[in-house]
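Below: one structure, written as structure tokens.
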Amino acid sequence: MNELAKELNSTLKGCAVYDLLSEKGKRMYFPKGIVAQSNEAGEKAKKYNATIGAATTNGEPFCLSDIYDQFKDGALKKSEVFSYAPGGGDKELRALWHDMILEKNPLLKGKNISETLVTAGLTHGISMIANLFVGDGDEVVLPNLYWDNYELIFRDLCGAELREFDFFKDGDFNVDGMKEALLSVKGDKARIILNFPNNPTGYTPSREMMQRIVKALKEVAESGKKILVICDDAYFGLFFESETEKCSLFQYLVDLDENIVAVKGDAATKEEMVWGFRIGFITYGGKGLGKEELGALVQKTLGAIRCTVSNCDRPGQSLIKKAFKSGKNHKRDKEILFDEMKRRYNRVKKALESHRESRVLTPYPFNSGYFMAFDTNGRDAEELRRIMLDRHQIGLINILGNTIRLAYCSVEESNIEDLINTLYSTAEEIWG
Ligand SMILES: Cc1ncc(COP(=O)(O)O)c(C=O)c1O
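Note that our numbering has the sequence shown beginning at 11, numbered continuously upward.
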């Protein structure tokens with residue numbers, strides 16, 4: 011094992027992180043190679059900096075003018091478009107996002123959390139966390155309705171077994187099922203991923219339910235299990251009901267118990283409407299993690315970035331940073347999106363009212379995000395999806411054969427009622 015990895019591991023020994031690391035995670039470190047030496051030279055090599063593998067002239071990168079000309083005059087410097095971003099992301103952008111996390115989650119203020127690192131979208135962030143913390147044969151707990159990429163990442167890439175529990179019980183989050191699933195994981199370690207607002211259901215816990223989830227996690231930790239809790243906050247902020255929790259689960263976990271290691275994965279992708287930019291973020295926290303341990307974890311994550319994408323997209327980071335720092339319409343445009351999503355959400359709720367008696371499709375609880383989903387009550391969701399597509403040219407998603415997901419975020423408000431009526435009448439026709 012590399013000496014630097016050994017050093018990081020010795021910093022982490024004695025806290026839950028070390029026990030939760032996978033074998034790959036234990037081997038991971040950020041090398042003192044080209045990138046580290048370039049960073050050092052960037053500060054000190056005032057005469058000639060011959061470290062970076064990027065062609066420059068007069069301190070600016072060479073570039074294709076056909077690309078640069080597409081940026082408005084003076085909008086971005088060549089270096090803000092064409093040069094490499096640092097491995098952990100543009101420093102200023104990282105700090106800005108970190109501050110925004112604190113603003114949106116006020117209980118985090120003054121608590122021990124790591125710096126925030128930039129990832130190449132949230133998928134990349136989750137994939138790195140999986141590689142660092144999940145190995146062959148480990149179990150990953152998750153509710154039985156989840157983003158399908160978790161299967162590919164945790165099960166197929168990292169060799170884990172998925173331990174699912176029923177998402178809902180008595181019309182709300184199945185907190186007992188979650189606790190049982192965690193307690194039944196073999197050994198003294200457990201890993202769980204929770205995603206609110208959820209894809210595919212559009213569910214976020216109420217404030218009260220969030221506290222029940224936190225209490226259950228604390229009880230599992232107190233039983234002696236070390237738990238990695240991955241908070242997938244991809245759709246953060248789109249909360250449409252007053253009783254819904256408006257903060258991340260992460261903020262309640264960072265000082266909850268020495269046995270809990272929390273990771274917040276979030277992204278500009280949906281929060282800032284830049285789906286194609288590929289900018290995500292990772293932040294760590296945990297009661298047993300001081301400055302040194304968090305620093306070691308950041309170093310391991312920098313290593314994971316280095317050996318996957320090396321560094322993340324520069325133009326996207328520059329553009330979004332500019333919008334945060336000096337965008338005149340940033341707040342307004344986000345409000346426009348929120349208001350439109352809320353209108354569509356309300357329209358979905360209303361359209362569902364007239365189908366309350368239906369026995370073929372049962373909507374799962376939803377109150378947030380981009381989606382809602384129907385339980386097909388044991389009938390083949392793929393059959394319904396196919397017929398909706400072939401007969402009505404309406405595209406929906408079949409999840410695991412027993413759930414139909416409807417992304418109302420991408421349907422105009424005026425078409426929602428027709429879409430839902432068509433879905434019900436088609437389901438009645440084939441199964442009623
Ligand atoms: C629940 C969930 N997590 C993570 C992601 C990944 O986001 P990104 O596009 O930033 O990789 C998605 C994207 O659809 C998602 O639905």
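For every residue, glycine included, the Cβ atom is placed at its ideal position computed from N, Cα and C.
- Each residue's CA atom was taken as its position, placing F334 and S364 some 43 Å apart.
- Selection F384, G326, Y355 and K360 evaluated against S378 yields Y355 as nearest (Cα-Cα).
- The three-state secondary structure of D100, taken from DSSP, is coil.
- In this structure, I330 keeps its C-beta atom at 9 Å or more from the C-beta atom of N321.
- Measuring C-alpha to C-alpha distances from F72 to each of F92, D83 and K301 identifies F92 as the nearest.
- Excluding its 5 nearest sequence neighbours in each direction, G411 has C-beta neighbours in its own chain below 7 Å: D390, A391 and E392, listed in chain order.
- Looking only at L416, R217, V150 and K280, the smallest Cα-Cα distance to T133 is reached by K280.
- For ligand 1, residues qualifying as neighbours are G131, L132, T133, W157, N205, N209, D242, A244, A277, T279 and G290, where qualification means a beta carbon closer than 6 Å to at least one of its heavy atoms (chain order).
- Shown here, N408 sits in a strand according to DSSP, grouped into three states.
- Membership of F143 in the alpha helix (DSSP H) is indicated by the continuous run L132 to F143.
- If you look at G52, you'll find it isn't in any beta strand (DSSP E); it sits in the alpha helix (DSSP H) that goes I44 to K54.
- Take the alpha-carbon of R288 and the one of C241: they are about 19 Å apart.
- For R415, the uninterrupted beta strand (DSSP E) segment begins and ends at T413 to A417.
- Between A383 and R415, the beta carbon gap of about 5 Å places them in contact (Cβ cut-off 8 Å).
- Taking each of A26, A85, L18 and A95 in turn and checking the Cα distance to G52, the smallest one comes out for A95.
- Contact between the stretch 258-265 and the stretch 120-128 is present, with at least three C-beta pairs closer than 8 Å.
- When the five nearest sequence neighbours on each side are left out, the beta carbons in the same chain lying within less than 8 Å of the beta carbon of K88 are those of E70, P71, C73 and Y78, in order along the chain.
- Beta-carbon to beta-carbon, Y380 and A417 are separated by about 6 Å, close enough to satisfy the 8 Å threshold.
- DSSP, read as helix, strand or coil, puts L86 in coil.
- Considering only E422, E161 and S48, the residue with the shortest C-alpha distance to T61 is S48.
- In the DSSP assignment, L433 falls within the unbroken alpha helix (DSSP H) covering E423 to W441.
- Judged by DSSP secondary structure, A231 falls outside any beta strand (DSSP E) and instead within the alpha helix (DSSP H) spanning R217 to E232.
- Counting every other CB atom within 10 Å of its CB across the protein chains shown gives K274 a total of 16 or more, marking it as buried.
- Ranked by Cα distance from K179, the first of W157, G295, R165 and P153 is P153.
- In the structure shown, V185 adopts helical secondary structure according to DSSP, grouped into three states.
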